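Engineer:
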Amino acid sequence: MISVKNIQVVFGKGTPLQKQALNGVDLTIEQGSFVTVIGSNGAGKSTLLGVLAGDVLPSAGQVTIGKTDVTRKGTAARAGLVARVFQDPLTGSCGALSIEENLALAAKRGEKRGLMAALGPKRREHFRERIAELNLGLENRMGDRMDLLSGGQRQAVSLVMATLAGSEVLLLDEHTAALDPGMAEFVMNLTQKIVSERKLTTMMVTHSMRQALDYGHRTVMLHGGEIVLDVAGDSRKELQVEDLIAMFRRIRGQTLDDDALLIG
Amino acid sequence: MSQIALWGAVELGLVYAFVAIGVFLAFRVLDFPDLTVDGSFPLGAAVTAVLIIAGVNPWIAAGVAMVAGAAAGIVTAMLNVRFKILNLLASILTMIALFSVNLRVMGKPNVALINADTMLSPFFGLGLREFYVRPLFIGVLVLVAVIVVWRFLESDAGLAMRATGANARMARAQGVDTNKQIYLGMAISNALVAFGGALFAQTNGFADVTSGVGTIVVGLAAVIIGETLLGARGILIALIGCVLGSILYRIAIQLALSTDMLGLQASDLNFVTAVLVTFALILPRLRRGGAA
Chain E
43 MISVKNIQVV
53 FGKGTPLQKQ
63 ALNGVDLTIE
73 QGSFVTVIGS
83 NGAGKSTLLG
93 VLAGDVLPSA
103 GQVTIGKTDV
113 TRKGTAARAG
123 LVARVFQDPL
133 TGSCGALSIE
143 ENLALAAKRG
153 EKRGLMAALG
163 PKRREHFRER
173 IAELNLGLEN
183 RMGDRMDLLS
193 GGQRQAVSLV
203 MATLAGSEVL
213 LLDEHTAALD
223 PGMAEFVMNL
233 TQKIVSERKL
243 TTMMVTHSMR
253 QALDYGHRTV
263 MLHGGEIVLD
273 VAGDSRKELQ
283 VEDLIAMFRR
293 IRGQTLDDDA
303 LLIG
Chain G
57 MSQIALWGAV
67 ELGLVYAFVA
77 IGVFLAFRVL
87 DFPDLTVDGS
97 FPLGAAVTAV
107 LIIAGVNPWI
117 AAGVAMVAGA
127 AAGIVTAMLN
137 VRFKILNLLA
147 SILTMIALFS
157 VNLRVMGKPN
167 VALINADTML
177 SPFFGLGLRE
187 FYVRPLFIGV
197 LVLVAVIVVW
207 RFLESDAGLA
217 MRATGANARM
227 ARAQGVDTNK
237 QIYLGMAISN
247 ALVAFGGALF
257 AQTNGFADVT
267 SGVGTIVVGL
277 AAVIIGETLL
287 GARGILIALI
297 GCVLGSILYR
307 IAIQLALSTD
317 MLGLQASDLN
327 FVTAVLVTFA
337 LILPRLRRGG
347 AA
């Protein structure tokens, strides 16, 4: 379960560039629920994700993940509770390490790391099996450096990495935005499969309204650092991408320059 | 080049292999350009020499030297992590401070270790000639260091350190306290360099406050020569490359200086070093260009 209460985040406080990135956001995501988050640039989507991941510490409010109050905990300190896939495939994995070394690193997320060899025969076999499930042929390249993989392959491996160690919540930060349409679809299907098989509590930030409505159980729209829409169940099923765009227009009080970008 | 000169070069190369491995840890694994080594190498030599003269067992003296080196590394790490001083500048500050520290430790600029018992003493007089014993003995120590560092870097803890240098953001997301890794890595790196200094004092029979000048260049030269020769093929190969690079560097220098035809003299050492390192840096580029 995730719960954020009255979160305030201000960037550049006291400077001419001061910006209220989040203004009193309240959000509770139940155990096993899959929530998608949309919003225009600067709406606060990434900041909200950062608040959950520990990259951004709020100036006020409370963040609870599972049963733990993590409001003041940094990224590394709460990593045992949070699995994450980044937007940039280069950020989520280590290019200089091999595929299996990346997996070994992720398998110990949030745990103590000892002096035992990171890649024993048992672990190697386990990693191989998990990578083979992707059907990308990567199981034969386990010793290859991660930076030899394409962006899509790296995101797919990142998803596997996110599930190797237990976690309370899975955070997806526009994780298909940097991929070509075919690979984006592959990664989304994989995401869906992993989330439903493992019943993960998931929050996915996305630019794509299509994705936001097609996946998950609930959709939240942010604007100006506040939640302006929160739909689930039947009312969400009836919602079309056009409705969302109309809502966007109303909120912003202006026509959108490029609808195609948002429908994507 | 005479046999004695050749084995002398190998011996010195092996002593500096510890520096090369330390530099590899800082520059390549942690991506931390660390110049502290110019101070921690003579620090190791100074601590060892003073303790041996005071009658301390040379092994224990070398151990204390490593602790002193680790402390120097931790100071640099603290300046960088805690006080946000640029890594390169932080290491320069520690380096110049160590110059004074080393003078204090020795009480004078130079301490001689003539006729004192060293780590090597028990191995002389076993029938093997002295100029074989020295590289052999240090070679065994280097082998131990390579194996220990290799096993560490391929352990769970070592992976955390490698991830810290390669992608700190990812490392934190995986629960790695990257600041702690920098402290640990800098401590290990400078402990190894100080151990190199301890061996230097014992094999050469003195500790000198100026013996640290250019240590970083020698260490980097060894790392780069190793990479050029063996390529990037995993941790073990990289560590072997450090050792090999360090030895070849010394032999190349010895060759350059002892070939009368070139007309070089000892004072040309730094120039020769610069040419060698430049060559090692250009070589991979030339090879690629040739293939294309």
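In order, the protein sequences belong to chains E and G.
One gets this note's numbering by counting positions in the first sequence from 1 and adding 42 to each.
One gets this note's numbering by counting positions in the second sequence from 1 and adding 56 to each.
Cβ atoms here follow ideal geometry from the backbone N, Cα and C, with glycine treated the same way.
All figures in this text were calculated on a predicted structure; none of them were measured in a lab.
Taking the beta carbon of G:A348 as the centre, do at least 16 other beta carbons fall within 10 Å, making it buried, or is it exposed?
Structural biologist: Here G:A348 scores only 41 on pLDDT, less than 50, and its place in the model is too uncertain to base an answer on.
Engineer: With distances taken from CA atoms, which of G:S314, G:I272, G:L276, G:Q310 is nearest G:L337?
Structural biologist: Looking at the Cα atoms, G:L276 is the closest of the given residues.
Engineer: Can you find the residues in the same chain that come closer than 7 angstroms, C-beta to C-beta, to E:A121, ignoring five residues on each side of it along the sequence?
Structural biologist: Closer than 7 angstroms at the Cβ level, and outside the excluded window around E:A121, lie R151, G152.
Engineer: What does DSSP give as the partner residue(s) for G:D264 in the beta ladder?
Structural biologist: According to DSSP, which records beta bridges pairwise, G:D264 is partnered with G:N166.
Engineer: Step through the CB atoms of chain G and report whether any lies within less than 7 angstroms of the CB of E:A219.
Structural biologist: Judged by the 7 angstroms Cβ criterion, E:A219 is not in contact with chain G.
Engineer: What in chain G is Cβ-close to E:L147, meaning under 9 angstroms?
Structural biologist: Neighbours of E:L147 on chain G, chain order: D212, L215, A216, R218, A219, M226, A227, Q230, V232.
Engineer: Taking Cβ-Cβ distances shorter than 8 angstroms, what residues in chain G pair up with E:M158?
Structural biologist: Under the 8 angstroms cutoff, chain G gives S211, D212.
Engineer: Sort E:A146, E:K154, E:G156, E:R292 by Cα distance to E:P163 and report the nearest one.
Structural biologist: Nearest C-alpha to E:P163: E:A146.
Engineer: In whole angstroms, give me the CA-to-CA distance for G:I60 and G:S267.
Structural biologist: So the two alpha carbons sit approximately 22 angstroms from each other.
Engineer: Expressed to the nearest angstrom, what Euclidean distance is found between the alpha-carbon atoms of E:R240 and G:S245?
Structural biologist: Each residue's alpha carbon lies about 42 angstroms from the other.
Engineer: E:E284 touches chain G at which residues, Cβ-Cβ below 7 angstroms?
Structural biologist: Here the premise fails: no neighbours, minimum Cβ distance about 37 angstroms.
Engineer: Give the list of continuous alpha helix (DSSP H) stretches no shorter than 4 residues that lie fully inside the region 242–280 of chain E.
Structural biologist: Here the runs fully enclosed are 251–256, 275–280.
Engineer: Output the residue ranges of the beta strand (DSSP E) runs that lie fully inside the region 62–88 of chain G and measure 3 residues or longer, sorted by chain position.
Structural biologist: Whole beta strand (DSSP E) segments, 3+ residues: zero.
Engineer: Who are the neighbours of E:G258 on chain G, taking C-beta pairs under 9 angstroms?
Structural biologist: Correct list: empty, because the minimum Cβ distance to chain G is about 22 angstroms.
Engineer: Since G:A82 meets chain C, which of its residues come closer than 9 angstroms, beta carbon to beta carbon?
Structural biologist: Looking for chain C here will not work: the only protein chains present are E and G.
Engineer: Would you say G:N17 lies against chain E (beta-carbon separation less than 7 angstroms)?
Structural biologist: The structure shown does not extend to residue 17 of chain G, since chain G is modelled only from 57 through 348, so no value can be given for it.
Engineer: Give me, in chain order, the residues of the same chain whose beta-carbon lies closer than 7 angstroms to that of E:A274; leave out the 5 immediate sequence neighbours on both sides.
Structural biologist: So the qualifying residues of the chain are H259, R260.
Engineer: Taking the alpha-carbon positions, what's the E:V105 to E:F169 distance?
Structural biologist: If I take the Cα positions, the gap works out to 33 angstroms.
Engineer: Here's the rule I'm using: 16 or more other beta-carbon atoms within 10 Å means buried, otherwise exposed. How should G:E67 be labelled?
Structural biologist: Label assigned to G:E67: buried.
Engineer: Measuring alpha carbon to alpha carbon, tell me which residue in G:G64, G:R84, G:M122 is nearest G:G95.
Structural biologist: It is G:M122.
Engineer: Could you check how far apart the C-beta atoms of G:W63 and G:P191 are, in whole angstroms? I think they sit under 8 angstroms.
Structural biologist: Yes, they are in contact, since the Cβ atoms of G:W63 and G:P191 sit about 6 angstroms apart, within 8 angstroms.
Engineer: What ranges does the beta strand (DSSP E) occupy inside the region 192–278 of chain G, keeping only unbroken runs of at least 3 residues that lie completely in it?
Structural biologist: Counting whole runs of 3 or more residues, the region 192–278 of chain G contains the beta strand (DSSP E) stretches 262–264.
Engineer: Just the Cα atoms here: how many angstroms apart are E:T70 and E:A254?
Structural biologist: Cα to Cα, the separation comes out at about 18 angstroms.
Engineer: Since E:D111 sits in a beta bridge, which residues does DSSP pair it with?
Structural biologist: DSSP, once it has assigned bridges, lists E:T106 as partnering E:D111.
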